[in-house]
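*Asks:* Before we start, here is the structure in question, set down as C-alpha cells.
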Amino acid sequence: MILPILLLMLQTSPAFNAEEEIIVVSRQLRMIKVDLKTDKREGAMHLRSCRILRGSGHSDLDAIPCGVAEQCVADGVPTRRELKNCVEDRSTSRINLVLASRRMARVD
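Numbering-wise (my numbering), the sequence shown opens with residue 134 and increments by one.
So, in C-alpha cells, the structure goes:
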C-alpha cells in the first residue's frame with residue numbers, strides 16, 4: 134500500500150521542481166534592466182549602445198535583449214516605442230526557447 138503512494142510522490146516531484154524553477158527564473162528575468170541608446174539618422178533608427186544595467190544572474194539570458202535590439206533596428210523599427218515592444222516580444226520568445234531547451238536537456 135505504501136509503495137504505490139511513494140511511487141506517485143516520486144512521479145510528481147520533478148514537475149513541482151520544474152514549476153518552482155519557472156517561477157524563480159521568471160522573477161529573475163523581470164529584474165533585467167536594459168539601457169538602449171538610439172538616434173535617428175537619415176530617417177532611420179540607429180542603436181548607439183545597449184547595456185544591461187541589472188542582470189538576472191544568467192549571462193546567457195542577459196545577453197539576449199541587446200542582440201535582439203540590434204535585430205529589431207536592422208529590421209527597420211521606426212520609433213523607440215516600437216523598438217521597446219520589439220525587444221520585449223522577441224526577447225521573451227528567445228528566452229522561452231532557451232529555457233525549454235534547458236528543460237529538455239535535463240529530461241534526456
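All residues carry an ideal CB built from backbone N, CA and C; glycine is no exception.
For the structure I just gave you, are there three or more beta carbon pairs, one from the segment 184-199 and one from the segment 207-214, closer than 8 Å?
*Replies:* no
*Asks:* Who pairs with MET178 in a beta bridge, going by DSSP?
*Replies:* Position 45 of the sequence shown, counted from the start, is the residue given in the question as residue 178. According to DSSP, MET178 bridges with LYS173.
*Asks:* Any idea if LEU230 is buried or exposed, counting beta-carbon neighbours within 10 angstroms, 16 or more meaning buried?
*Replies:* Here the question's residue 230 lines up with position 97 in the sequence shown. That one is exposed.
*Asks:* List the endpoints of the continuous alpha helix (DSSP H) containing ALA233.
*Replies:* Translated into positions along the sequence shown, residue 233 becomes position 100. Note, ALA233: alpha helix (DSSP H), 213-240.
*Asks:* Is it buried or exposed for ALA207, if we count other Cβ within 10 angstroms and need 16 for buried?
*Replies:* For the purposes of this step, residue 207 is taken as the residue at position 74 of the sequence shown. Its Cβ having fewer than 16 others within 10 Å, ALA207 is exposed.
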